[in-house]
Amino acid sequence: MSLKLGDIAPDFEQDSSEGKIRFHEWLGNSWGVLFSHPADFTPVCTTELGLTAKLKDDFAKRGVKAIALSVDPVDSHHKWIEDINETQNTVVNFPIIADADRKVSDLYDLIHPNASDTLTVRSLFVIDPNKKVRLTITYPASTGRNFNEILRVIDSLQLTDNHKVATPGNWQDGDEVVIVPSLKDEEEIKQRFPRGYRAVKPYLRLTPQPNR
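Structure representation (structure tokens):
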């Protein structure tokens with residue numbers, strides 16, 4: 483059964499490139515990005531893992547831990563990490579789960595038989611500190627992920643968790659945001675959004691982004 487938004491991300495214990503991982507314990511009170519790869523030594527995945535390593539500071543300032551998964555064993559991961567570090571001019575600084583028995587792949591529905599009976603699809607999950615799934619994206623094997631979009635969505639989730647706002651299409655951190663339609667009380671609106679708002683329509687009220 484596929485995971486839905488708001489579901490608790492399944493816990494698991496599995497080997498990784500950084501030793502045994504007990505997922506919920508490893509995640510602690512952080513946000514998490516769990517993303518899968520069809521196999522080690524694949525070209526698109528090599529670039530993605532390199533990019534993730536380079537974004538370490540961007541993830542850290544958002545309180546996010548990254549963790550990858552491939553169905554290959556730990557010794558293969560270590561050899562692949564050497565290639566990633568060399569070709570992407572970085573140092574992989576996060577664990578890669580070794581899911582040879584496909585235990586985690588089954589928990590997270592990462593094997594799509596119409597795509598491949600044996601390889602995981604290129605899926606990604608954003609998980610909040612309460613261990614709830616907040617975003618799922620599945621890409622075809624031929625298309626690399628846009629990690630700037632992942633960071634953008636995390637910014638939106640963290641902002642909208644703390645304020646009664648939503649983020650419009652193509653929103654970037656610092657842009658105007660939408661006051662949620664359920665907020666009607668003008669006194670509360672003034673208190674929450676002291677810089678005011680502009681009503682394009684009664685249901686579309688735009689206000690400067692609150693501090694996160």
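To convert a position in the sequence shown, counted from 1, into our numbering, add 482. Glycine included, each C-beta is placed from N, C-alpha and C at the ideal position.
Where does residue i fall in DSSP's three states?
i           : result
residue 689 : strand
residue 596 : At residue 596 the pLDDT is 48, less than 50, meaning the model places this residue with poor confidence and gives no usable figure here.
residue 528 : helix
residue 543 : coil
residue 586 : helix
residue 485 : coil
residue 624 : coil
Based on the DSSP output, what are the partners of residue i in its beta bridges?
i           : result
residue 548 : 515
residue 480 : A query on residue 480 cannot be resolved here, the shown segment of the chain reaching from 483 to 694 and no further.
residue 490 : 614
residue 495 : 504
residue 648 : 660
Taking residue i as part of the beta strand (DSSP E), name the residues at either end of that continuous run.
i           : result
residue 469 : The chain is shown from 483 up to 694; residue 469 falls before or after that span and cannot be answered.
residue 579 : 578-580
residue 619 : 615-621
residue 682 : 680-683
residue 660 : 659-661
Please report the Cβ distance between residue i and residue j, rounded to the nearest whole angstrom; I am assuming they are in contact, meaning their Cβ atoms lie under 8 Å.
i           : j           : result
residue 547 : residue 514 : 5 Å
Could you please give the first and the last residue of the uninterrupted alpha helix (DSSP H) stretch that includes residue i?
i           : result
residue 506 : 505-509
>> With three or more beta-carbon pairs closer than 8 Å as the criterion, would you say the region 651-659 touches the region 526-545?
In response: no
> Should the region 611-631 be regarded as contacting the region 552-560, the criterion being three or more beta carbon pairs within less than 8 Å?
Replying inline: no
>> Does the region 568-586 come into contact with the region 660-675, if we say contact requires no fewer than three beta-carbon pairs (one atom in each stretch) closer than 8 Å?
In response: no
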